[in-house]
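**Student:**
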Amino acid sequence: MKILIRPLCILVGALALSFLVAKVVLVPIGQWYEMNRAQSESDLSQAFVVALAVQALCVIAGGWLGDLAFRKWRHKQLGRQQRP
């Protein structure tokens, strides 16, 4: 069971950060850019590629944060077991 918790934490962290950044940052900026700055389909395509790159970075960072949270949780669990 413990072997499944680490990948689950990594997956949850990656998806959570990716979803949060998409909804809070990328969607509003994308809508603003489309309405105010984009002049052609090429501009929108470039903005889409940048958004995908940011999304990929967020997945990596979220996975790292999920792993970090798991390691801290595991360290805390081991500390409790060692105390008399």
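Numbered by our numbering, the letters in the sequence shown go through residues 1269 to 1352 in order.
No residue lacks a Cβ here, since even glycine has one placed at the ideal position from N, Cα and C.
(1) Within the same chain, show all residues whose beta-carbon is closer than 8 Å to that of F1338, passing over the 5 residues directly before and after it, in chain order.
(2) Around the C-beta of S1313, are 16 or more other C-beta atoms found within 10 angstroms, so that it is buried, or is it exposed?
(3) Here's the rule I'm using: 16 or more other beta-carbon atoms within 10 Å means buried, otherwise exposed. How should A1282 be labelled?
(4) What do you reckon, are the CB atoms on G1334 and V1295 nearer than 8 Å?
(5) Shortest alpha-carbon distance to L1288 belongs to which of K1340, Q1323 and Q1350?
(6) Return the first residue and the last residue of the alpha helix (DSSP H) that R1342 is part of.
**Tutor:** Checking against the coordinates, here is how it stands:
(1) Against the sequence shown, residue 1338 aligns to sequence position 70. Taken in chain order, the residues that qualify are I1273, R1274, C1277 and I1278.
(2) Start at 1 with the first residue of the sequence shown, and residue 1313 comes out as number 45. By the neighbour-count rule (16 or more Cβ atoms within 10 Å), S1313 is not buried but exposed.
(3) Here residue 1282 corresponds to residue number 14 of the sequence shown, with the count starting at 1. A1282 should be labelled buried.
(4) Against the sequence shown, residue 1334 aligns to sequence position 66. Against the sequence shown, residue 1295 aligns to sequence position 27. Taking 8 Å as the Cβ cut-off, G1334 and V1295 do not qualify as a contacting pair.
(5) Position 20 of the sequence shown, counted from the start, is the residue given in the question as residue 1288. Selected option, being the one with the closest Cα: Q1323.
(6) The residue you call residue 1342 lines up with position 74 of the sequence shown. Looking at the DSSP string, the run of the alpha helix (DSSP H) that includes R1342 is E1309 to Q1350.
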